[in-house]
Amino acid sequence: MARYTHIISGARVSVRDDKVMDSSWVPDGGASSAASAEGPGRGDQDGPPPKGGAGSGAAAWRAYAAKHNVEVAEDASREDVVEALTEAGVPTE
Numbered sequence: 012m013a014r015y016t017h018i019i020s021g022a023r024v025s026v027r028d029d030k031v032m033d034s035s036w037v038p039d040g041g042a043s044s045a046a047s048a049e050g051p052g053r054g055d056q057d058g059p060p061p062k063g064g065a066g067s068g069a070a071a072w073r074a075y076a077a078k079h080n081v082e083v084a085e086d087a088s089r090e091d092v093v094e095a096l097t098e099a100g101v102p103t104e
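Under this note's numbering, the letters of the sequence shown match residues 12 to 104, in that order.
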């Protein structure tokens with residue numbers, strides 16, 4: 012069993028190891044802790060989502076943009092969201 016946290020709601024679940032979670036869920040423990048050591052915004056809820064791996068999908072970036080009052084299209088790609096955030100002066104690293 013593995014524990015995951017939803018990047019938007021903060022909900023936590025336990026799932027079988029063979030269950031595939033979408034990019035809006037990040038593993039608790041090891042992977043999140045390692046990501047936190049990579050730099051600001053990695054694994055914390057105040058910083059931006061990671062640009063690769065778990066939690067790096069377009070939905071996570073759109074949620075981060077909304078949190079910072081940056082408007083993006085509902086179907087905006089991760090790259091489009093990062094560009095809009097950069098133009099608005101919101102940290103993306």
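Here a beta-carbon is modelled for each residue, glycine too, at the ideal position from N, C-alpha and C.
So, using beta-carbon positions, are residue i and residue j closer together than 8 Å?
i: Pro38; j: Ala70; result: no
i: Pro61; j: Tyr75; result: no
Leaving out five residues on either side along the sequence, give the residues of the same chain with a beta carbon under 8 Å from the beta carbon of residue i.
i: Arg23; result: Arg14, Tyr15, Thr16, His17, Asp39
i: Ser67; result: Ser34, Pro60, Pro61, Arg89
Do residue i and the ligand FAD come close, with the Cβ less than 7 Å from some heavy atom?
i: Asp57; result: Only the bare structure without any ligand can be found here, which leaves the ligand FAD out of the picture.
Within 10 angstroms of its Cβ, does residue i collect 16 or more other Cβ (buried), or is it exposed?
i: Ala95; result: buried
i: Ala77; result: exposed
i: Ala65; result: buried
i: Glu98; result: exposed
If you drop the 5 nearest sequence neighbours on each side, which residues of the same chain put their C-beta closer than 7 Å to that of residue i?
i: Trp72; result: Pro60, Arg89, Val92, Val93
i: Gly82; result: Correcting the residue identity first, residue 82 is Glu in this sequence and not Gly. Here the set comprises nothing.
i: Ala45; result: Confidence in Ala45 is poor, its pLDDT being 33 and thus under 50, which makes the residue's placement unreliable; the coordinate value appears in the next sentence. If we look at Ala45 and ignore the five residues flanking it on each side, it has no Cβ neighbours.
Output needed for residue i: all residues of its chain with C-beta closer than 6 Å, excluding positions within five of it in sequence on either side, in chain order.
i: Met32; result: Tyr15
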